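Each residue of the sequence shown is one higher than the one before, starting from 1 at the first, in the UniProt record's numbering.
All C-beta atoms, glycine included, are put in the ideal place defined by N, C-alpha and C.
Keep in mind it's a predicted model, so treat the numbers as computed, not measured.
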Amino acid sequence: SLAAPKMASIMEGPLSKWTNVMKGWQYRWFVLDYNAGLLSYYTSKDKMMRGSRRGCVRLRGAVIGIDDEDDSTFTITVDQKTFHFQARDADEREKWIHALEETILRHTLQLQ
């Protein structure tokens, strides 16, 4: 269930991630950890339950980008790397962006 991102330490759910290797979108199960400032991803929810992580994006100092041409995709740019994501719809994208921005803010402000 998607709790209000402000309250939740974690938000999770499916997003597609663009991969240059396969030149296409790949379904991944994402877990946003507000406290750790990490967006981790797994090949499936099942794999997440078993703790076999595929990778993660560190959110400290990250910048979120959105494409006005499209209502479901967004990007996260951090350490000169840009990750592309696609949510199911505009609504889902909105929830993710809100939660990600809260997390980025929390971890980036601590740097100063």
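For Arg54, does the three-state DSSP call read helix, strand or coil?
On the sequence shown, position 54 is the one that residue 54 refers to. Reduced to three states, the DSSP call for Arg54 is coil.
Could you check the C-alpha separation between Asp79 and Thr108 for me, to the nearest Å?
Residue numbering aside, residue 79 sits at position 79 when the sequence shown is read from its first letter. Residue numbering aside, residue 108 sits at position 108 when the sequence shown is read from its first letter. Those two C-alpha atoms are separated by around 13 Å.
For Thr75, report the span of its beta strand (DSSP E) as first-last.
The residue labelled residue 75 in the question sits at position 75 within the sequence shown. Where Thr75 is concerned, the enclosing beta strand (DSSP E) stretches over 73 to 78.
Assuming Asp46 is part of the alpha helix (DSSP H), what are its boundary residues?
One-based indexing of the sequence shown puts residue 46 at position 46. 45 to 49 is the extent of the alpha helix (DSSP H) around Asp46.
For Asp89, which three-state DSSP category applies?
As a working note, residue 89 is residue 89 in the sequence shown. Three-state DSSP puts Asp89 in coil, outside helix and strand.
Quick check: the Cα distance between Arg106 and Met11, rounded to an integer number of angstroms?
Residue numbering aside, residue 106 sits at position 106 when the sequence shown is read from its first letter. Residue numbering aside, residue 11 sits at position 11 when the sequence shown is read from its first letter. Distance between the alpha carbons of Arg106 and Met11: 15 Å.
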